[in-house]
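Peer 1: Mind looking over this structure? Questions follow.
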Amino acid sequence: MNDRVSPVNGQRYAIKFNLRMPSSSAWNGRFFMMGGGGTNGALGDARGPLPGAGQTENALSRGFAVVSTDSGHDNATNNDPNDGGTGSFGRDPQARRDYYFDSYDHVTQAGKLLVQRFYGKTAQRSYFVGCSEGGREALLMAERYPTYYDGVISGAPNLSAIRSSTPQNLQDLAKLARDSGIPDSNGLPSIHKTYSDADIQLVSSAVLKACDALDGLKDGMVGHPQACTAALVRPELDRLICSGAKGTNCLTAQQVATLSEIMAGTFNSRGQRIAWEWSWDAGIGGSANGAVNQGWRSWFLGAFGGAVSNSLKLFSSNLAYVAVTPPPVLKVTEIPNWWLNYDYRSLSADPVVNYPASGIYTDAPGVIFTAYGAGDEFRNRGGKILAYHGLSDPAIPFAGTVKWFEQTQAKTNAQDFVRFYPVPGMNHCVGGPATDKFEMLTPLVDWVEKGIAPNAITAEASNPAYFAAPNRSRPLCPFPAVPTYNGTGNVDSAASFSCR
Ligand SMILES: [Ca+2]
Numbered sequence: 015m016n017d018r019v020s021p022v023n024g025q026r027y028a029i030k031f032n033l034r035m036p037s038s039s040a041w042n043g044r045f046f047m048m049g050g051g052g053t054n055g056a057l058g059d060a061r062g063p064l065p066g067a068g069q070t071e072n073a074l075s076r077g078f079a080v081v082s083t084d085s086g087h088d089n090a091t092n093n094d095p096n097d098g099g100t101g102s103f104g105r106d107p108q109a110r111r112d113y114y115f116d117s118y119d120h121v122t123q124a125g126k127l128l129v130q131r132f133y134g135k136t137a138q139r140s141y142f143v144g145c146s147e148g149g150r151e152a153l154l155m156a157e158r159y160p161t162y163y164d165g166v167i168s169g170a171p172n173l174s175a176i177r178s179s180t181p182q183n184l185q186d187l188a189k190l191a192r193d194s195g196i197p198d199s200n201g202l203p204s205i206h207k208t209y210s211d212a213d214i215q216l217v218s219s220a221v222l223k224a225c226d227a228l229d230g231l232k233d234g235m236v237g238h239p240q241a242c243t244a245a246l247v248r249p250e251l252d253r254l255i256c257s258g259a260k261g262t263n264c265l266t267a268q269q270v271a272t273l274s275e276i277m278a279g280t281f282n283s284r285g286q287r288i289a290w291e292w293s294w295d296a297g298i299g300g301s302a303n304g305a306v307n308q309g310w311r312s313w314f315l316g317a318f319g320g321a322v323s324n325s326l327k328l329f330s331s332n333l334a335y336v337a338v339t340p341p342p343v344l345k346v347t348e349i350p351n352w353w354l355n356y357d358y359r360s361l362s363a364d365p366v367v368n369y370p371a372s373g374i375y376t377d378a379p380g381v382i383f384t385a386y387g388a389g390d391e392f393r394n395r396g397g398k399i400l401a402y403h404g405l406s407d408p409a410i411p412f413a414g415t416v417k418w419f420e421q422t423q424a425k426t427n428a429q430d431f432v433r434f435y436p437v438p439g440m441n442h443c444v445g446g447p448a449t450d451k452f453e454m455l456t457p458l459v460d461w462v463e464k465g466i467a468p469n470a471i472t473a474e475a476s477n478p479a480y481f482a483a484p485n486r487s488r489p490l491c492p493f494p495a496v497p498t499y500n501g502t503g504n505v506d507s508a509a510s511f512s513c514r
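Shown next, in the form of structure tokens:
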């Protein structure tokens, strides 16, 4: 819908959506929208995947009517290498607005109308489920459109790209670039060579030494994130500094200093925080089963053995076009250097100041691209939010979601309608040495429809290689409760733990 040609860059844009409806007899009376990912532009198959459920089980198979959208641009066609590549939609004010919020409004309304026409009655309940950008969309629906959905699941929400990935990645990359030595074959800093896979394993082991036991059990998992501070981890890292030449069993002082600086978050030249800190967690390694690239390395560095550093492209290609107003006009190949020269040190501590509306771009990214916590209308009509976030998420800082939860709690009585579940060891949405397989739709539906508030949610390790026992399970606990070993019973079974 809304098919049109952009007056800014001549590209054709439309909001595509995919709606799948079970037969009348199979329909459970509910509507379900799938969140997107990254900067979207890909139309997901509207089956509503539920990673923690059975292999063939999804929202559609459970009887939900399911809708998805590309959010108003198509990466396959809106992809001019001389104009930002897949980020170029950000130059068209309406395509940008569709990505921020408009498309989800239109698609929800269209989807619900088609459901009503097809079944002859309206959906009784509606749910929105997403992770990363989809996690942002879930919170957006609860905040901006409080009457549309009765319950949302928000994983690793990109709730403040302005306050996390944008300036943060700039500063992190600049720090790594500073240490990287010789340029790669593209003439860019060899960031991928700054830490070997073995180096990152050393960091993970240092984190475990400092923090594993803080939750009451040495089990290779940091179950008490609030207690695992930089002050505890740094001495363990310092103990790893090479006394002589750099070897595989030690780190250079520069490596320790740079990593510590990155993990602390981003500050401007006045010393004000402009992005959240990263959490110290064992999942920074993500090593078992050869899965190193699932973790920190894949987001920050790129493969050590690769010819070029892919991290610059990974971080920079799209955000320039949706965070900065007006957006630059750059060839895709020019974007990494544009980022490296971006003056993040002069940014304000207030993202609203940094990214104001400008000219034809009438939505201020600093306002619209920041989540503030769902308000009274959503709560008062019985809306519920389940949020989760991996402690080792290398794309979006866990600390930002903690902040969001605390702000929401301060504004309302958040436990009334929000539960937030930290996932120790988990990387971005999934992966890492974690019990990262869990199903939150059933608890959410029970909360919304039966008033049964969720407490512990059982999670299993999706990758059997990470732990000695391949089917380790743990309770995920509503923040700030910590999964705590009861002192007896199988240490690989969630049944031996309580949320305390
Ligand atoms: Ca532990």
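Number 283 in this note's numbering belongs to position 269 of the sequence shown; there are no gaps in the numbering. All C-beta atoms in this analysis are idealised placements derived from N, C-alpha and C, irrespective of residue type, glycine included. Keep in mind it's a predicted model, so treat the numbers as computed, not measured.
1. Enumerate in chain order the residues of its own chain whose CB-to-CB distance from L405 is below 7 angstroms, with the five nearest sequence positions on each side excluded.
2. With DSSP as the reference, identify every bridge partner of T280, one or two as the case may be.
3. Contact between the segment 145-153 and the segment 348-368: three or more CB pairs below 8 angstroms?
4. Rounded to the nearest angstrom, what separates V432 and I167 at their Cα positions?
5. Could you tell me the distance, in whole angstroms, from the CA atom of S257 to the CA atom of N263?
6. Going by Cα to Cα distance, which pick from C443, Y402, T472 and T502 is closest to P494?
7. Just tell me which of T53, M47 and N54 has its CA closest to the CA of P63.
8. What does the alpha-carbon distance come out to for the pair L187 and K232?
9. Please indicate yes or no: does the CB of D252 lie closer than 7 angstroms to some heavy atom of ligand 1?
10. Check whether the Cβ atoms of I205 and S323 sit closer than 8 angstroms, and answer yes or no.
11. Determine contact between the segment 489-508 and the segment 212-227, defined as no fewer than three beta-carbon pairs at a distance below 8 angstroms.
12. What does K30 pair with, by DSSP beta-bridge criteria?
13. Taking T376 as the reference, give the member of R110, Y118, C225 and G503 with the closest Cα.
14. Going by the beta-carbon positions, is the gap between V22 and V81 smaller than 8 angstroms?
15. Assess, as a yes-or-no matter, whether the segment 112-128 is touched by the segment 64-78 under the definition of 3 or more beta carbon pairs within less than 8 angstroms.
16. From which residue to which residue does the beta strand (DSSP E) around G404 run?
17. Assign G279 to buried or exposed, taking buried as 16 or more other Cβ atoms, counted over all protein chains shown, within 10 Å of its Cβ.
18. Are the beta-carbon atoms belonging to Q138 and R44 less than 8 angstroms from one another?
19. Pick from E71, A424, V338 and A170: whose alpha carbon is nearest that of G380?
20. Relative to the C-alpha of W290, which residue among Y162, P408, L127 and T456 is closest?
21. Could you tell me whether any non-hydrogen atom of ligand 1 is closer than 7 angstroms to the CB of G148?
22. Please classify E348 as buried or exposed, where buried requires at least 16 neighbouring CB atoms within 10 angstroms.
23. How is the beta strand (DSSP E) around T472 delimited, first residue to last?
24. Counting C-beta neighbours from all protein chains within 10 Å, is the total for D198 16 or more, i.e. buried, or is it exposed?
25. Whose C-beta lies closer than 7 angstroms to the C-beta of N89 among residues of the same chain, with five residues either side of it excluded?
26. Given H87, which residues of its chain have a CB within under 6 angstroms of its CB, disregarding the five upstream and five downstream residues?
27. Helix, strand or coil, according to DSSP, for Y369 in the structure here?
28. Under 7 angstroms from any heavy atom of ligand 1, does the C-beta of G297 make it?
29. Any idea if N477 is buried or exposed, counting beta-carbon neighbours within 10 angstroms, 16 or more meaning buried?
30. In the segment 329-367, which residue ranges form an unbroken alpha helix (DSSP H) of at least 4 residues, counting only runs that do not cross its ends?
31. What are the uninterrupted segments assigned as beta strand (DSSP E) that are 3 or more residues long and contained completely in the segment 38-96, given in chain order?
32. What runs of the alpha helix (DSSP H), each 4 residues or longer, lie entirely inside the segment 91-152?
33. Identify, in the order they occur along the chain, each residue of the same chain with its Cβ nearer than 6 angstroms to the Cβ of N93, setting aside the five sequence neighbours on each side.
34. Could you check whether Y159 and D119 sit closer than 8 angstroms to each other, using their CB atoms as the reference points?
35. Under the three-state reduction of DSSP, which class applies to I214: helix, strand or coil?
36. Could you tell me if the beta carbon of L202 falls within a distance shorter than 7 angstroms of some heavy atom in ligand 1?
Peer 2: According to the structure shown:
1. As a working note, residue 405 is residue 391 in the sequence shown. Closer than 7 angstroms at the Cβ level, and outside the excluded window around L405, lie V236, P239, S293, D295, G297, F412, P436, V437, P438, G439 and M440.
2. Position 266 of the sequence shown, counting from 1, holds the residue named residue 280. Its beta-bridge partners are A289.
3. no
4. Taking the first residue of the sequence shown as 1, we reach residue 432 at position 418. Taking the first residue of the sequence shown as 1, we reach residue 167 at position 153. Their backbone Cα atoms lie some 10 angstroms apart in a straight line.
5. In the sequence shown, counting from the first residue as 1, residue 257 sits at position 243. In the sequence shown, counting from the first residue as 1, residue 263 sits at position 249. The straight-line gap from Cα to Cα measures roughly 11 angstroms.
6. Indexing the sequence shown from 1 puts residue 494 at position 480. Checked all of C443, Y402, T472 and T502; the closest Cα to P494 is Y402.
7. Within the sequence shown, residue 63 is the residue found at index 49, counting from 1. Of the candidates T53, M47 and N54, the one whose C-alpha sits nearest the C-alpha of P63 is M47.
8. For the purposes of this step, residue 187 is identified with residue 173 of the sequence shown, where counting begins at 1. For the purposes of this step, residue 232 is identified with residue 218 of the sequence shown, where counting begins at 1. Answer to the nearest angstrom: the Cα atoms are 33 angstroms apart.
9. Here residue 252 is taken as the residue at index 238 of the sequence shown, counted from 1. Short note on D252: C-beta not closer than 7 angstroms to any heavy atom of ligand 1.
10. Position 191 of the sequence shown, counted from the first residue, corresponds to residue 205. Position 309 of the sequence shown, counted from the first residue, corresponds to residue 323. In this structure, S323 lies closer than 8 angstroms to I205 by Cβ.
11. no
12. Here residue 30 is taken as the residue at index 16 of the sequence shown, counted from 1. Paired residue(s): none; K30 is not in a bridge.
13. Counting from 1 along the sequence shown, the entry for residue 376 is found at position 362. Cα-wise, what sits closest to T376 is R110.
14. As a working note, residue 22 is residue 8 in the sequence shown. As a working note, residue 81 is residue 67 in the sequence shown. Contact: no.
15. no
16. Within the sequence shown, numbered from 1, the residue matching residue 404 stands at position 390. K398 to G404 is the extent of the beta strand (DSSP E) around G404.
17. As a working mapping, residue 279 is identified with position 265 in the sequence shown. When all chains shown are included, G279 counts as buried.
18. Position 124 of the sequence shown holds residue 138. Position 30 of the sequence shown holds residue 44. Result yes, Cβ atoms of Q138 and R44 sit closer than 8 angstroms.
19. Here residue 380 is taken as the residue at index 366 of the sequence shown, counted from 1. With distances taken between Cα atoms, G380 lies closest to V338.
20. For the purposes of this step, residue 290 is taken as the residue at position 276 of the sequence shown. Among Y162, P408, L127 and T456, the Cα nearest to that of W290 is on P408.
21. As a first step, residue 148 must be located in the sequence shown, where it is residue number 134. No, Cβ of G148 sits at least 7 angstroms from all heavy atoms of ligand 1.
22. Working through the sequence shown from its first residue, we reach residue 348 at position 334. A residue is called buried once 16 or more other Cβ atoms fall within 10 Å of its Cβ, and E348, having fewer, is exposed.
23. Position 458 of the sequence shown holds residue 472. Element bounds for T472: I471 to E474.
24. Mapped onto the sequence shown, residue 198 falls at position 184. Around the beta carbon of D198, a 10 Å sphere encloses 16 or more other beta carbons of the protein chains shown; the residue is thus reported as buried.
25. The count along the sequence shown starts at 1 and reaches residue 89 at position 75. Answer for N89: G55, A56 and T100, listed in chain order.
26. Your numbering for residue 87 matches position 73 in the sequence shown. Counting only Cβ-Cβ distances below 6 angstroms, and skipping sequence neighbours, we find Y27, G55, F103 and A109.
27. Stepping through the sequence shown from its first residue, residue 369 is reached at position 355. Here Y369 sits in coil by DSSP.
28. Mapped onto the sequence shown, residue 297 falls at position 283. It does not: the Cβ of G297 is nowhere closer than 7 angstroms to a heavy atom of ligand 1.
29. The residue labelled residue 477 in the question sits at position 463 within the sequence shown. N477 should be labelled buried.
30. 333-337 and 349-354
31. 44-48 and 79-83
32. 107-111 and 117-133
33. Translated into positions along the sequence shown, residue 93 becomes position 79. Result list for N93: G99 and T100, in chain order.
34. Here the question's residue 119 lines up with position 105 in the sequence shown. Here the question's residue 159 lines up with position 145 in the sequence shown. Yes. Within cutoff.
35. Here the question's residue 214 lines up with position 200 in the sequence shown. DSSP places I214 in helix when its eight states are reduced to three.
36. Working through the sequence shown from its first residue, we reach residue 202 at position 188. Result no, Cβ not under 7 angstroms from ligand 1.
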